[in-house]
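Protein chains: 2
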Amino acid sequence: MSNMKKTSKKDLPEIRECHTASTGIFFKVKKILYSQSSAYQKIEVIETEDYGRVLFLDGLVQTTERDEFFYHEMLVHPALIFHPSPENLLIIGGGDGGALKQVLRYAIKHVWLVEIDSQVLEVSKRFFPWLTPSLKDKRTKLVIQDGNDLIQKTGEKFDVILIDSSDPVGPSTCLHQSDFYKRLKKCLNPKGIVASQAGSALYQLEHLREKNIFLKKIFKIVRFYTGPVPTYPGGSWCYVFLSDRIEPLKNIERDPPPGLKYFNLDAGKAAFALPNFLREKLT
Amino acid sequence: MSNMKKTSKKDLPEIRECHTASTGIFFKVKKILYSQSSAYQKIEVIETEDYGRVLFLDGLVQTTERDEFFYHEMLVHPALIFHPSPENLLIIGGGDGGALKQVLRYAIKHVWLVEIDSQVLEVSKRFFPWLTPSLKDKRTKLVIQDGNDLIQKTGEKFDVILIDSSDPVGPSTCLHQSDFYKRLKKCLNPKGIVASQAGSALYQLEHLREKNIFLKKIFKIVRFYTGPVPTYPGGSWCYVFLSDRIEPLKNIERDPPPGLKYFNLDAGKAAFALPNFLREKLT
């Protein structure tokens, strides 16, 4: 049984994210720092007490000052420690700069960041400046474009592709479909790895099951892994590691960089040990 | 970045748990099934859409129909697979019957369940009947008593003691203090193991750090482990494994029983791999 001290700050207004029609998380609002609609979505930055600054897109939590490291470290580091020579990388989405920051901890040559919404980048630079200096790194190639469009037109080949998308609603819908992954594979070097956020282990189980089925038709190696993200629906988040040649856990090619808050080799390996209810759906 | 479909059912009332003064979880209420105060606490059982029946004590989520298995399986099975011959067991707290149900999956001889509040047991039998048949098992010895009192007076020695308490507020405060663990050790056989819920990995970090310091003065082996519990604060829950002789992960004495929804050997071992922010506080 669990328990926490119960108090309330009735004087402050609230903002909430509905995880489903019936359940969700709420935050007391210290200050609304930004609230505008871009061509793609409503963008809000809220100052909260517990999570610091929180970025909402269309009313849904994307990044918080306090817990972004859980998500960004688990999205990026497994692919980077298992790839033998990651030189040319692509991040699809990730306009907050958090995944890019993790990628640039490694001695890579180039990383492309393709973000559909330039306003997300501007808001992140203004309100999450500790995540965005990496946008100015000379290895970073910033492209404002639909990721799905870029991978159809680019002649580039990548060693690692990271999909830091929102969920299968709104502008990210196509990034969760079979055709997108088929196109993606054409941009991947033979030893390449794709790592993608894959959704809530609790609320999106059926979607995960379907994704596993179509991914197995495209990639020889499809390995789901999980990690906690306190402000994401259900608290336990899924990611998927895709490759034709690289089996995760088999060869660790390099140690993770120093200074990480979540990721270490043991925690990284442990993330691939799925609980029974996920094993049943995903193997 | 994450995202979920946003809808709302404005017609239904809500119940919420404040994780802190500023953040928490809410549930739409389909029906209030029970709401009374016992000698110790306010007991409520709420029918919710997403989590089925939810037991609240003093307004705080203890057990939900949908996610109780995350917690009860992770509390019970590590101790049970690493102990060489668990015969006589004690559960302190756990009036919902969920931990007892997991314990009785093994060929043990006796398990004592000491619960301070008989009304929690009655409510659980009535509203969570799938958890409570184990209360009638002939190996179960049910005692309505303060666990702290029982361990001072009993002449019994136990192989495994499981602490399924609420947090360090209200009637469970003493169950989180150094003196309690010193007394507990006197009831433990030399090869004995204690496994206890230890709180939120996100919100109770300082409390975990302090607990680690005093536990190391009492037990030779103090190993924290974690697992997700979607409705508990922060979504990522800590447990602690205590012994003088048994090092977890070294010898797996038996396979976990069939039919578990969360726990398997790989997930059990993985739970001991702490992320950096916990390693720094707890080692």
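From first to last, the protein sequence lines are chains A and B. Residue 235 in this note's numbering is what sits at position 235 of the first sequence, and the numbering runs on without skipping anything. Residues are numbered in this note's numbering as their position in the second sequence, beginning at 1, plus a constant of 1000. All C-beta atoms in this analysis are idealised placements derived from N, C-alpha and C, irrespective of residue type, glycine included.
Candidates the options: closest to residue i by CA position
| i | options | result |
| --- | --- | --- |
| Cys238 (chain A) | A:Ala273, A:Ala201, A:Gly268, A:Asp255 | A:Ala201 |
| Leu284 (chain A) | A:His83, A:Pro84, A:Leu75 | Absent from the structure is residue 284 (chain A), since the part of chain A shown begins at 1 and ends at 283. |
| Arg1016 (chain B) | B:Ile1144, B:Ala1273, B:Glu1044 | B:Glu1044 |
| Leu278 (chain A) | B:Asn1276, B:Lys1261, B:Phe1277, B:Lys1269 | B:Lys1261 |
| Pro1190 (chain B) | B:Gly1052, B:Ile1161, B:Leu1208 | B:Ile1161 |
| Leu184 (chain A) | A:Pro78, A:Ile151, A:Pro171 | A:Ile151 |
| Thr1231 (chain B) | B:Phe1056, B:Lys1125, B:Ala1039, B:Gln1036 | B:Phe1056 |
| Ser1134 (chain B) | B:His1176, B:Ser1118, B:Val1103, B:Lys1153 | B:Val1103 |
| Arg1105 (chain B) | B:Leu1282, B:Asn1088, B:Ala1267, B:Pro1258 | B:Pro1258 |
| Pro1248 (chain B) | B:Gly1234, B:Asp1164, B:Ile1144, B:His1077 | B:His1077 |
| Gly192 (chain A) | A:Glu14, A:Glu68, A:Thr64, A:Leu89 | A:Leu89 |
| Asn264 (chain A) | A:Gly98, A:Leu80, A:Gly94 | A:Leu80 |
| Trp130 (chain A) | A:Lys157, A:Asp96, A:Ser165, A:Val114 | A:Asp96 |
| Cys1018 (chain B) | B:Gly1234, B:Pro1256, B:Glu1280, B:Val1143 | B:Gly1234 |
| Glu210 (chain A) | A:His176, A:Pro228, A:Lys269, A:Lys42 | A:His176 |
| Arg1053 (chain B) | B:Glu1115, B:Val1123, B:Glu1253, B:Gly1094 | B:Val1123 |
| Ile1144 (chain B) | B:Tyr1040, B:Phe1224, B:Ala1267 | B:Tyr1040 |
| Phe70 (chain A) | A:Asp255, A:Arg254, A:Ser236, A:Glu280 | A:Ser236 |
| Ser178 (chain A) | A:Leu208, A:Gln204, A:Gly155 | A:Leu208 |
| Asp159 (chain A) | A:Val229, A:Lys186, A:Asp146, A:Phe180 | A:Lys186 |
| Asp1146 (chain B) | B:Glu1047, B:Phe1128, B:Phe1180 | B:Phe1180 |
| Tyr203 (chain A) | B:Arg1066, B:Ser1035, B:Gly1155, B:Tyr1034 | B:Arg1066 |
| Asp117 (chain A) | A:Asp58, A:Asp50, A:Glu280, A:Glu49 | A:Asp58 |
| Tyr1034 (chain B) | B:Ile1092, B:Gln1119, B:Asp1050 | B:Gln1119 |
| Arg1254 (chain B) | B:Lys1182, B:Ile1246, B:Glu1049, B:Phe1082 | B:Phe1082 |
Cβ neighbour criterion (16 or more within 10 Å) applied to residue i
| i | result |
| --- | --- |
| Ile213 (chain A) | exposed |
| Asn3 (chain A) | The pLDDT assigned to Asn3 (chain A) is 36, lower than 50, so where the model puts this residue is not dependable; a value taken from the coordinates is nonetheless given after this. Buried. |
| Ile32 (chain A) | exposed |
| Ile1084 (chain B) | Here residue 1084 (chain B) turns out to be Pro, not Ile, going by the sequence shown. Result: exposed. |
| Asn1148 (chain B) | buried |
| Ala1198 (chain B) | buried |
| Thr7 (chain A) | For Thr7 (chain A), the predicted model reports a pLDDT of 44, less than 50, meaning its position is unreliable; a value from the coordinates is still stated below. It is exposed - the Cβ of Thr7 (chain A) has fewer than 16 other Cβ atoms within 10 Å. |
| Asp167 (chain A) | buried |
| Asn1251 (chain B) | exposed |
| Pro171 (chain A) | buried |
| Ser196 (chain A) | buried |
| Ser1037 (chain B) | exposed |
| Thr63 (chain A) | buried |
| Gly1268 (chain B) | buried |
| Thr283 (chain A) | exposed |
| Ser165 (chain A) | buried |
| Arg1126 (chain B) | exposed |
| Thr132 (chain A) | buried |
| Glu1073 (chain B) | buried |
| Gly98 (chain A) | buried |
| Asp11 (chain A) | exposed |
| Gly1094 (chain B) | buried |
| Glu1068 (chain B) | buried |
| Pro13 (chain A) | exposed |
| Glu115 (chain A) | buried |
| Glu1280 (chain B) | exposed |
| Gly284 (chain A) | The shown model of chain A, from 1 to 283, leaves out residue 284 (chain A), and the question about it has no answer. |
| Asp137 (chain A) | exposed |
Identified DSSP bridge partners for residue i
| i | result |
| --- | --- |
| Phe56 (chain A) | A:Glu44, A:Val61 |
| Thr140 (chain A) | A:Val111 |
| Tyr34 (chain A) | A:Val45 |
| Gly1093 (chain B) | B:Asp1164 |
| Leu1150 (chain B) | Looking at the DSSP assignment, Leu1150 (chain B) forms no beta bridge with any residue, so it has no partner. |
| Gly24 (chain A) | A:Cys18, B:Phe1026 |
| Ala195 (chain A) | A:Leu162, A:Phe241 |
| Asn88 (chain A) | A:His110 |
| Leu12 (chain A) | Leu12 (chain A) pairs with nothing; no bridge assigned. |
| Leu188 (chain A) | A:Phe158 |
Minimum Cβ-Cβ distance from residue i to chain D less than 9 Å
| i | result |
| --- | --- |
| Pro228 (chain A) | Here the protein chains are A and B, and chain D is not one of them. |
Query raised in the report: Which parts of the stretch 1199-1274 of chain B are runs of the alpha helix (DSSP H), unbroken and 4 residues or longer, counting only runs that do not cross its ends?
Result: 1205-1216, 1265-1270
Query raised in the report: Below 8 Å, can you find three or more Cβ-Cβ pairs linking the stretch 1241-1252 of chain B to the stretch 1209-1225 of chain B?
Result: yes
Requested in this report: Take every Cβ of the stretch 108-117 of chain A, pair it with every Cβ of the stretch 267-281 of chain A, and state whether three or more of those distances are shorter than 8 Å.
Outcome: no
Requested in this report: State whether the stretch 18-37 of chain A contacts the stretch 1017-1028 of chain B, with contact taken as three or more CB pairs (one from each stretch) at a distance under 8 Å.
Outcome: yes
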